[in-house]
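What follows is one structure encoded as structure tokens, with my remarks underneath.
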Amino acid sequence: MKVYSKQAVQHVNASIEECWAFFSSPRNLQKITPKTMGFQITDFDGKNMYAGQIIQYKVSPLLGIKLPWVTEITIVKDHSYFIDEQRFGPYALWHHKHFFEPTENGVKMTDLVHYAIPFGFLGRIMNTLVVKNKLKEIFEYREQKVNEIFNSK
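This note's numbering runs 4 ahead of the 1-based position in the sequence shown.
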């Protein structure tokens with residue numbers, strides 16, 4: 005199984021408290037996910053993020069086909085970082101670390117995703133042709149939305 009990684013860094017013009025409050029609420033995921041993904045939370049307990057939290061979604065990453073996706077928040081260090089991992093969904097592996105580091109002018113936010121595609125050789129082709137570009141598009145959209153929310157004040 006080939007494991008890929010994707011990293012994104014963004015400066016957020018907000019306090020660590022404001023930034024953490026936004027990103028630690030699963031309700032805000034839909035605000036920073038492209039509409040083309042058909043992202044919809046189908047079940048979660050309504051609480052802010054905590055270790056052990058299970059969140060269920062539907063996503064439509066390709067051709068409008070709805071797929072279930074279940075993630076678990078495995079680690080949370082308040083105002084510092086959290087990790088979500090796929091428990092069921094389109095990836096063979098999904099491990100996403102979100103880091104928040106206060107700076108003089110706000111917060112440096114770093115995302116590091118490690119992922120693998122199922123189906124061996126075919127999965128590697130899919131990553132090259134589709135998946136890595138889709139992830140790039142998702143992170144670019146997210147950067148734009150975060151800029152609109154925090155950096156246009």
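All residues carry an ideal CB built from backbone N, CA and C; glycine is no exception.
Since the model is a prediction, treat every value here as computed from it, not as a measurement.
Have a look at V134 and Y54 and give me their C-alpha separation to the nearest angstrom. 32 Å
Which residue wins for smallest C-alpha separation from R146, given the options H99, K136, K39? K39
Quick one: give me the first and last residue of the alpha helix (DSSP H) that E108 is part of. Premise fails: E108 is in no alpha helix (DSSP H) and is neither H nor E.
Residue nearest to K62 in terms of C-alpha spacing, selected from N137, N17, T114, P94: P94
So, does the stretch 105–115 touch the stretch 12–21, judging by three or more C-beta pairs under 8 Å? yes
For the stretch 14–55, which segments carrying the alpha helix (DSSP H) assignment without a break, of at least 4 residues, lie completely within its bounds, in sequence order? 20–27
Using a 10 Å radius around the Cβ and a threshold of 16 neighbouring Cβ atoms, would you call I59 buried or exposed? buried
Simplified DSSP assignment, three categories, for K167: Because the chain here runs from 5 to 157, residue 167 falls outside it and cannot be looked at.
Check whether the Cβ atoms of A18 and V111 lie closer than 8 Å to each other. yes
By the three-class DSSP mapping on this structure, what secondary structure does F123 have? coil
Out of curiosity, what's the CA-to-CA distance linking G124 and T37? 28 Å
Taking the alpha-carbon positions, what's the C23 to G68 distance? 32 Å
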